[in-house]
Amino acid sequence: MVARAPVATKAAFTDWSVWYGPIQALKSVSLDIQAREILGIIGPANSGKTSLLRSLNRMNDFNPAFRYTGSLTLDGHDLYRTLDGQQVRRRIGIVFALPLPLPLSIRENVTYGPRLRGEKNRVRLEELTERSLRAASLWDEVKDRLNLEAMKLSGGQQQRLCMARTLAMEPEVILFDEPCSGLDPVSTAKVEETMLQLKHQYTLVLVTNNTKQAARVSDRVAFFLMGELVELNQTDAMFTAPHDQRTNDYLTGRFG
Amino acid sequence: MASRPWERALRVQRVAFTGLFLATLIVVLATATVISIICLRGAGALSWSFLTTMPAQGMRTGGIFPAIVGTLELVGLTVSFALPMGVATAIYLTEYASDNWLTRLVRLAIVNLSGVPSVVYGLFGLGLFVIFCRFGTSLLAGSLTLAIMILPVIITASEEALRSVPKSFREVSLSLGASRWQTIRHAVLPFAIPGIMTGTILGISRAAGETAPILFTVAAFYLPRLPASVFDQAMALPYHLYVISTQIPNISSDQRYGTALTLLLLVLSLNVLAVTLRAHFRRKRQW
Amino acid sequence: MLWQHRREKLIEFSIRVCGVSAVALVALIFLFLLKEGLALFRTVALTDFLGGHRWYPISEPPRFGILPLLWGSGLVTLGAVVLSVPVGIASALFVSEIATGWVKGLLKTGIELLAAIPSVVLGFIGVSVLVPAIKQLFQLPTGLTALTGSITLAFMAMPTIVSITEDALAAVPRGHREAALALGATRWQMMSRVLLPAAGSGILAAVMLGIGRVIGETMAVMMVTGNAAVIPRSLLQPIRTLTATIAAEMGETVRGSEHYAALFAIGIVLFVISFLINMLADLFLHRERA
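Sequence lines, in order, name chains A, B and C. Following numbering that gives the first Met the number 0 from start to finish, the first sequence increments by one per residue and tops out at 255. Following numbering that gives the first Met the number 0 from start to finish, the second sequence increments by one per residue and tops out at 286. Following numbering that gives the first Met the number 0 from start to finish, the third sequence increments by one per residue and tops out at 289.
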């Protein structure tokens, strides 16, 4: 029986390996995620970063070729063997790389998750909408036009809407899969600022191709290469004195 | 000297292209001719009383009201059977089916259903619904038969509509903790409705015009009353047109062309509606 | 929460059932045809049925040879194919490769509308216009002939052939066209020597599906071919097709009688023929895509 993990660890990977059919995407990854931290995940393409995220929120379940070994716990409970996938996805939210609003109004987008979960009370839904939009730094810009079609917003606004939509589920962990890849610097800054504020309440995992962004925002950084966790360290230490030569090579731009 | 073969080739091309154009003209002119003949010769008969009164004197005078009503009722029932089944099958194919032999078998079956001759559907309807299920010649038997016949039309259109909804909608919905069915119901189906609707209207138009499947399953030539329940026989426009143009002598050309025109207008306006809706929704689409 | 979960499982189950129902339906159709049709072969030999020259269902003793019907269907189909395939492919070429702009749209609409016209309406026009015309033209005792049937059916098959040929042409990569033109071919040479061969199997599928459409047609052909169940000697005489036989005679049979079973047996023949044609066409379509 696994001993209960210390309170500060929110989620933990132990010898976690992932296969999609014959292709192994993650190789024996052991990694912990602390509560209320921003963990940055960096690495070149195909290093397994996205597989890591999709393992966490069990989106991999929908891939028929998905296989795993090892264990992944959330608050000490086995995420795969004890918890229900749908429940996990309500507790662990995700913001995708491209802004993906549904072709509904702003309000309907934000309340999509809660409504499907069973929330019917209009007052509570309105409160939730406002809270989530504020937390995503979008409230002031859209508060008088919540009925506007979400697809009419700008790219940066749409991405913040997606964040609000995820926040409306009141998750414990929020995953960010290269959230600023399609955004201009101003929107990127807004998103990063929001992430730093969210840290006080949520645990954040940020996958990014932009190492400088990882440096700006994360508390700790994990470097992945070809499915392996190469190094995990406090941000400062990682960027000033990485232990592994491969980390150094990646950070200095020898490969990418 | 090099230009001679080229000039020849160009001459050949001119002849060939003219031929192609003429061929196309043949097809299009056929359509135009059929439609205009019926319109010209039938417009005279089309009047409010023609469409709303019962026939008299063994169909020689009076109106075709019961045939119109019969067709509408038949088609209404048909759609109520075919639509849910067709959409469910399409949902199965796009959302639940994996890439295995069963799925391939289902697709093969659908292709086959669409190729079965309409008169064979009539036989099947007779054997299963009229006789085995003991529904007798009735609206029920006829509409069930027609429903199976238009199933492939609805399935194909619905599948296309479902596939045209971006995968990302499903991803987003699932990542927010929705179940698979909730995702289909809220993040996919609503956005596939235009395509499904278009397909359904085309299916309706097809069902309204078919004769062979209803020959032995529902159609009657002359009924003194309108059908009172789904177990009654009914008159129908296509069957009516068939009988008055081949079995009954001395029916005025007006009556015949008028009936043909009514059926044609019904079917073509449904088609035009479907195409217009499709174009309209394509323009309005946000993604 | 649990009942919602159960309700969802029920919905998913219903969807899966519907999903495979298409297979069940095809099987059911075949089964019912067999159930009623095989009864014929208790009293009539299969060879007499398939090869018998005489279709006299109401004579004493009755004869159920469908050879005249097979000939009738075959002749009308052949005639329709000869007329519709060249015209159909040519139209498809014109509409997809040559026509542009609003003309293209107009032509496509015209062809699609032809497909939408119900067969009984085309049969009606056939009876009212084409039959007297053929009678006049060839000085025949009646205009109800195989030729009339072929012409009518040809127009019914054309939209199918055009649309699938169009798809086949569109599936040919742009590169093929451009390469031919860059090598100095005229557009016609490109179309005839590169495009058509490349779209070959798709076009074959179009023809097969057109044939399937024609063989399965009932009303239009019944109204214009005269319903004479004799082996035809020429296109200019009345014939009877398999489909028309069922439609015309079913009303007069007694349920459970030999005649009744014979008509179902014809249904089996039609089902098998259309099954084979569809399988072939599907094969060609998939070969093309691969």
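Backbone N, C-alpha and C fix where the C-beta goes; we use that ideal spot for every residue, glycine too.
{"Query": "Proximity test, Cβ basis, 7 Å: residue 29(B) and chain C", "Result": "yes"}
{"Query": "Residue 249(C) versus residue 154(C) - alpha carbon distance", "Result": "27 Å"}
{"Query": "Residue-level contact to chain B via CB, residue 242(C), 7 Å cutoff", "Result": "yes"}
{"Query": "Between the CA atoms of residue 157(A) and residue 285(B) - distance to the nearest angstrom", "Result": "14 Å"}
{"Query": "Close Cβ partners of residue 167(C) (< 6 Å) along its chain, the five nearest in sequence each way excluded", "Result": "198, 201, 202"}
{"Query": "Candidates 204(A), 52(A), 11(A): closest to residue 72(A) by CA position", "Result": "11(A)"}
{"Query": "Per-residue contacts from residue 180(B) into chain C (C-beta, under 8 Å)", "Result": "7, 10, 11"}
{"Query": "Chain B contacts made by the region 244–268 of chain C, where a contact means CB separation under 8 Å", "Result": "245, 246, 249, 250, 254, 262, 263, 266"}
{"Query": "Buried/exposed call for residue 241(B), threshold 16 Cβ in 10 Å", "Result": "buried"}
{"Query": "Under 8 Å from the C-beta of residue 173(B): neighbouring residues of chain A", "Result": "58, 61, 88"}
{"Query": "Which of helix, strand or coil DSSP assigns to residue 3(A)", "Result": "Note on residue 3(A): pLDDT 44, under 50, position unreliable in the model; no value is reported."}
{"Query": "Interface residues of chain C facing residue 270(B) [CB-CB closer than 8 Å]", "Result": "111, 112, 115"}
{"Query": "Rounded separation between residue 126(B) and residue 38(C) - CA only", "Result": "13 Å"}
{"Query": "Cβ-based neighbour list, residue 69(B), same chain, cut-off 6 Å, excluding 5 preceding and 5 following", "Result": "233, 234, 235"}
{"Query": "Interfacial residues, the region 90–103 of chain B to chain C, with Cβ spacing under 9 Å", "Result": "90, 91, 92, 94, 95, 96, 101, 102"}
{"Query": "Alpha carbon of residue 31(B) to alpha carbon of residue 41(C), nearest angstrom", "Result": "51 Å"}
{"Query": "Contacting positions in the region 12–29 of chain B - beta carbon closer than 7 Å to chain C", "Result": "12, 15, 16, 18, 19, 20, 22, 23, 25, 26, 27, 29"}
{"Query": "Where residue 154(A) falls, given that 16 or more other Cβ within 10 Å makes a residue buried", "Result": "exposed"}
{"Query": "Interface residues of the region 201–226 of chain A facing chain B [CB-CB below 9 Å]", "Result": "none"}
{"Query": "7 Å Cβ cutoff, residue 167(B) in contact with chain A", "Result": "yes"}
{"Query": "CB contact below 7 Å: residue 223(C) versus chain E", "Result": "Among the protein chains in the structure shown, which are A, B and C, there is no chain E."}
{"Query": "Where the region 97–115 of chain A meets chain B: residues whose CB sits under 7 Å from a CB there", "Result": "99, 101, 102, 111, 112, 115"}
{"Query": "Residues within the region 29–46 of chain C neighbouring chain B, beta-carbon criterion of under 8 Å", "Result": "31, 32, 34, 35"}
{"Query": "Interfacial residues, the region 115–126 of chain B to chain C, with Cβ spacing under 7 Å", "Result": "115, 116, 117, 118, 119, 122, 123, 126"}
{"Query": "Nearest-angstrom Cβ-Cβ length linking residue 201(B) and residue 273(B), presumed shorter than 8 Å", "Result": "5 Å"}
{"Query": "Beta-carbon gap between residue 126(C) and residue 263(B) smaller than 7 Å", "Result": "no"}
{"Query": "Delimiting residues of the alpha helix (DSSP H) encompassing residue 86(B)", "Result": "64–90"}
{"Query": "Own chain partners of residue 40(A) with C-beta closer than 6 Å, once the 5 adjacent residues on each side are dropped", "Result": "48, 206, 221"}
{"Query": "For residue 53(A): DSSP bridge partner residues", "Result": "Answer is none; residue 53(A) lacks a bridge partner."}
{"Query": "Neighbourhood of residue 226(C) by C-beta distance below 7 Å, restricted to the same chain and skipping five residues each side", "Result": "237, 239, 243, 247"}
{"Query": "For residue 174(A) and residue 52(A), believed in contact at Cβ under 8 Å, the rounded distance", "Result": "5 Å"}
{"Query": "Beta-carbon proximity check, residue 237(B) vs residue 199(B), cutoff 7 Å", "Result": "no"}
{"Query": "According to DSSP, residues forming a beta bridge with residue 124(B)", "Result": "BP columns for residue 124(B) are empty, so no partner."}
{"Query": "Residue 248(C) - DSSP class collapsed to helix/strand/coil", "Result": "helix"}
{"Query": "Burial state of residue 124(B) (16 or more Cβ within 10 Å)", "Result": "buried"}
{"Query": "Chain B residues whose Cβ lies nearer than 7 Å to that of residue 274(C)", "Result": "111"}
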